[in-house]
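Residue numbers (my numbering): 4 to 460.
Each residue gets a CB set at the ideal place from its N, CA and C atoms; glycine is no exception.
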């Protein structure tokens, strides 16, 4: 019997207490700046923990998704297509927008509160055993506990396949305790440099940590610096790499700003006439990457997702907070752009979707981001920037953002919180104008709450 099933533990909790227990461990998502020593990140703890739980990650095939931008969207599209195909498709992502349980899904359903509480009851003795057996490794983190819980839930729920989004990096991320049938790497750029490295090549090396010996790897098109690293790592580990732009191609098919068309051609043939529902040209790349990954999975013998299910998954996926347009006048857009590359993509998408319309940007970022670069991409495109901060402890001071905006020649003001910023933007905007709340998913979450969308999250 595993420690998790030991009868000597009579500890029982409700959902609220279970969530408090998970959050009682070190939580790097809420770390406030500074340099994080590499010794804090280790696969050893979660590997032992999963061993104590009976290695639930071995009970179903896994698709693991790493990358700087687009990994969450790509993971959601993968799971949507697998779900449409009639599979019990599980999804593990982070962070959440409104409800912690969003991170762990089976089909469209979040993990039930009672089930999460029951699994925490099982996890605690295993965590205690880990502490006794390997005290030198230090305490598990919140993300490691949550990853183990998700893997155990997917096993108990008899998932046919699980899509796991990497939390940070890849090499030492807790999701790498699983051996993916297909490893997916989306676009790599500079982000989390205080942890992952100061160059694209260093960051790519960390992302490439999800590549196991002999693996099948599907990568989005990459800048040269990142592509060279992925090619080298795959050669070292005798992995088969399908690199966008080299081994497979995508093209726009009947481009319409509000519903772009997509065609993908590669080693598994061509699939055209796709209509991804997620907006923006950058989402076409993410969708194409998902298509090739699903075809690769099919080529390995399954789970099998036919072309019709792929098309339906891309057109039906729901991923709030990513270039999400809220109906009404003025038009309101919420997007979680949080680095300079994603800010550039957002600016380009807004220009294509709403040409010639006045733009009011609500901007709030995390303090550990490259604020001048983000502001440099967004502020010049805005008629006015309303700078604010979310409730998250890592949020950057609004006065600093406003100062950077003014240095760019933009008109900027400050608001005490996201709801106040949204109210101010609505006061200023005319019916034909556009308001965009961006800078972090935490700002997006609070904007959606202020708009009454939280229940839909």
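Who are the near neighbours of residue i in its chain, counting only those whose CB is closer than 6 Å to its CB and skipping five residues on each side?
| i | result |
| --- | --- |
| residue 268 | 252 |
| residue 207 | 191, 229 and 232 |
| residue 348 | 285 |
| residue 401 | 390, 391, 392 and 417 |
| residue 380 | 343, 346, 347 and 350 |
| residue 361 | 386 and 436 |
| residue 424 | 365, 389, 391 and 418 |
| residue 94 | 82, 108 and 166 |
| residue 176 | 169 and 170 |
| residue 277 | 265, 314 and 317 |
| residue 357 | 437 |
| residue 442 | 366, 367 and 368 |
So is residue i buried or exposed if we call it buried at 16+ other beta carbons inside 10 Å?
| i | result |
| --- | --- |
| residue 2 | The displayed coordinates of the chain run from 4 to 460. Any statement about residue 2 would go beyond what the structure contains. |
| residue 419 | exposed |
| residue 303 | exposed |
| residue 1 | As displayed, the chain neither begins before 4 nor continues past 460, which places residue 1 out of reach and without an answer. |
| residue 227 | exposed |
| residue 372 | buried |
| residue 60 | buried |
| residue 17 | exposed |
| residue 74 | buried |
| residue 305 | exposed |
| residue 153 | buried |
| residue 311 | exposed |
| residue 147 | buried |
| residue 451 | buried |
| residue 319 | exposed |
| residue 216 | exposed |
| residue 106 | buried |
Just verifying my parser: in three-state terms, what is the DSSP assignment at residue i?
| i | result |
| --- | --- |
| residue 276 | strand |
| residue 146 | helix |
| residue 456 | coil |
| residue 264 | coil |
| residue 269 | strand |
| residue 153 | helix |
| residue 193 | coil |
| residue 289 | helix |
| residue 247 | strand |
| residue 254 | strand |
| residue 327 | strand |
| residue 433 | coil |
| residue 77 | helix |
| residue 219 | strand |
| residue 87 | helix |
| residue 2 | The structure shown does not extend to residue 2, since the chain is modelled only from 4 through 460, so no value can be given for it. |
| residue 345 | helix |
| residue 399 | coil |
| residue 114 | coil |
| residue 203 | helix |
| residue 214 | coil |
| residue 369 | strand |
| residue 29 | strand |
| residue 419 | coil |
| residue 19 | helix |
Leaving out five residues on either side along the sequence, give the residues of the same chain with a beta carbon under 8 Å from the beta carbon of residue i.
| i | result |
| --- | --- |
| residue 444 | 98, 100, 324, 339 and 341 |
| residue 234 | 244 and 246 |
| residue 427 | 389, 416 and 418 |
| residue 205 | 199 |
| residue 86 | 92, 110, 111 and 316 |
Across which residues does DSSP place residue i in a beta bridge pair?
| i | result |
| --- | --- |
| residue 95 | 107 and 167 |
| residue 322 | Partner(s): none; residue 322 has no beta bridge. |
| residue 363 | 387 and 438 |
| residue 230 | None; residue 230 has no bridge partner. |
| residue 414 | Answer by DSSP bridge pairing: none, since residue 414 is not bridged. |
| residue 334 | 437 |
| residue 185 | 66 |
Looking at the ligand SAM, does it come within less than 7 Å of residue i, judged from the CB to the closest heavy atom?
| i | result |
| --- | --- |
| residue 303 | This structure lacks the ligand SAM, and indeed carries no ligand of any kind. |
Since residue i and residue j should fall inside the 8 Å C-beta cutoff, what is the C-beta to C-beta distance between them, to a whole number of angstroms?
| i | j | result |
| --- | --- | --- |
| residue 184 | residue 300 | 6 Å |
| residue 266 | residue 256 | 4 Å |
| residue 21 | residue 149 | Contact flag wrong, Cβ pair sits at about 11 Å. |
| residue 80 | residue 290 | 6 Å |
| residue 295 | residue 245 | 6 Å |
| residue 63 | residue 158 | 7 Å |
| residue 181 | residue 67 | 6 Å |
| residue 51 | residue 123 | About 18 Å; that fails the 8 Å criterion. |
| residue 353 | residue 336 | 7 Å |
Cutting at 7 Å between CB atoms, please list the residues of its own chain near residue i, excluding the five before and the five after it.
| i | result |
| --- | --- |
| residue 214 | 186, 220, 236, 237, 240 and 242 |
| residue 292 | 77, 187, 189, 221, 223 and 247 |
| residue 408 | 378, 382, 388, 390 and 415 |
| residue 375 | 407 |
Give a yes or no on whether 8 Å exceeds the smallest Cβ distance from residue i to chain D.
| i | result |
| --- | --- |
| residue 97 | You won't find chain D in this structure, because it holds only one protein chain. |
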